[in-house]
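A quick write-up on the structure given underneath.
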Amino acid sequence: MLHDLMELTWTAVRDLPAERTIAVLPAGAIEAHGPHLPLGTDVIIAEAMARAGGERLAARGLHLLMLPSLAFAPAPFASAFAGTLHTPAGATTAIVAGIASSLSTHGIRVMAIANAHHDPAQVQALRAAVDEAAAAGSTLLFPDLTRRRWAERLTPEFRSGACHAGRYEGSIVLAERPDLVRSEVMATLAPNPQSLVDAIRRGDATFAAAGGAEAYFGFPAEATADEGRQIVATLGAILEEAVLEALSSRTTV
Ligand SMILES: [Zn+2]
1 MLHDLMELTW TAVRDLPAER TIAVLPAGAI EAHGPHLPLG TDVIIAEAMA RAGGERLAAR
61 GLHLLMLPSL AFAPAPFASA FAGTLHTPAG ATTAIVAGIA SSLSTHGIRV MAIANAHHDP
121 AQVQALRAAV DEAAAAGSTL LFPDLTRRRW AERLTPEFRS GACHAGRYEG SIVLAERPDL
181 VRSEVMATLA PNPQSLVDAI RRGDATFAAA GGAEAYFGFP AEATADEGRQ IVATLGAILE
241 EAVLEALSSR TTV
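The numbering used here numbers the first residue of the sequence shown as 1 and each following residue consecutively.
What follows is the structure, encoded as structure tokens:
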């Protein structure tokens, strides 16, 4: 069963079987994604991952409590581009840990984050929230797609580190919200195969310094909706696997 928290009454939440209920928080950003994708691209991707993972887990007889998306995030790499909202990393940590703590008060002790915003500031903020939640006795899962274990299941472009507003993200937005893609612009964008992972290692701290003067990397013109649907299925499988793993370790402890 998939439940949308915003649509439920408090009595409906009280009556959920808490031990078999998993909360899912989509986490994205409002951030420049080239001249062709919307600022909310990462929110769209995070929601697709949450839905795909939630459906798989619901099919196993679990109750999935879908939380409203966290759209605000630290986004220092994109902060110079108009429309990007760069918010304090500590705020993200506090909000995410606070949500886990609230749910835990009501017996829901497992929460998974479907994160699609891979700025190092966001990744660190979420890791800090995981630690805070653990110290408070709840299980906050964060399958970090930048870790090799998960990244190797994703596309070659994603693994190369040229993973912002390119073929990978463009494909998912084409699959989920084609109405928001400026396809005629996307088709004309030259490849920008510079790796953000390498740029971060060099100490670059902005998209411009990393070689992304237009806030995109990779091969945007190669994006297809079909590839987007395949990626969403993989993201759902990753979320499912992370949750099942945590559940089995909780019952064996
Ligand atoms: Zn993105």
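Just so you know, even glycine gets a beta-carbon here, dropped at the ideal spot from N, CA and C.
| Asked | Found |
| --- | --- |
| Would you mind giving the Cβ-Cβ distance between residue 196 and residue 210, rounded to the nearest angstrom? I have them listed as a contact below 8 Å. | 6 Å |
| Among 142, 131, 149, which has the Cα closest to the Cα of residue 111? | 142 |
| Would you kindly work out how many angstroms separate the C-alpha atoms of residue 34 and residue 236, rounded to a whole number? | 25 Å |
| Starting from the C-beta of residue 234, find all residues in its chain whose C-beta is less than 8 Å away, skip the five residues before and the five after it, and write them out in chain order. | 153, 154 |
| If you reduce the DSSP assignment to three classes, tell me which class residue 181 lands in. | coil |
| Are the CB atoms of residue 65 and residue 105 nearer to each other than 8 Å? | no |
| Between residue 164 and ligand 1, is the CB less than 7 Å from at least one heavy atom? | yes |
| I think residue 114 touches residue 27, with their Cβ atoms under 8 Å apart; what is that distance to the nearest whole Å? | 7 Å |
| Hey, residue 92 and residue 125 are a contact pair by Cβ (cut 8 Å); roughly how many whole angstroms apart? | 4 Å |
| Going by C-alpha distance, which of 96, 145, 157 is nearest residue 138? | 96 |
| Helix, strand or coil: how does DSSP classify residue 83 here? | coil |
| Count the other CB atoms, across all protein chains shown, that sit within 10 Å of the CB of residue 77; report buried if there are 16 or more and exposed otherwise. | buried |
| On the criterion of 16 or more Cβ atoms from any shown chain inside 10 Å, does residue 119 qualify as buried, or is it exposed? | buried |
| Whole angstroms are fine: how far does the CA of residue 98 sit from the CA of residue 157? | 35 Å |
| Let's see if you can read the secondary structure: which residues bound the alpha helix (DSSP H) around residue 49? | 41-58 |
| For residue 16, which residues in the same chain have their Cβ closer than 6 Å to its Cβ, ignoring the five residues on either side in sequence? | 63 |
| With a threshold of 16 other CB atoms inside 10 Å of the CB of residue 161, please say whether the residue is buried or exposed. | buried |
| In three-state DSSP terms, what is residue 223? | coil |
| I want to check one thing, is the minimum distance from the CB of residue 176 to the heavy atoms of ligand 2 below 7 Å? | Among the ligands present in this structure, namely ligand 1, ligand 2 is not found. |
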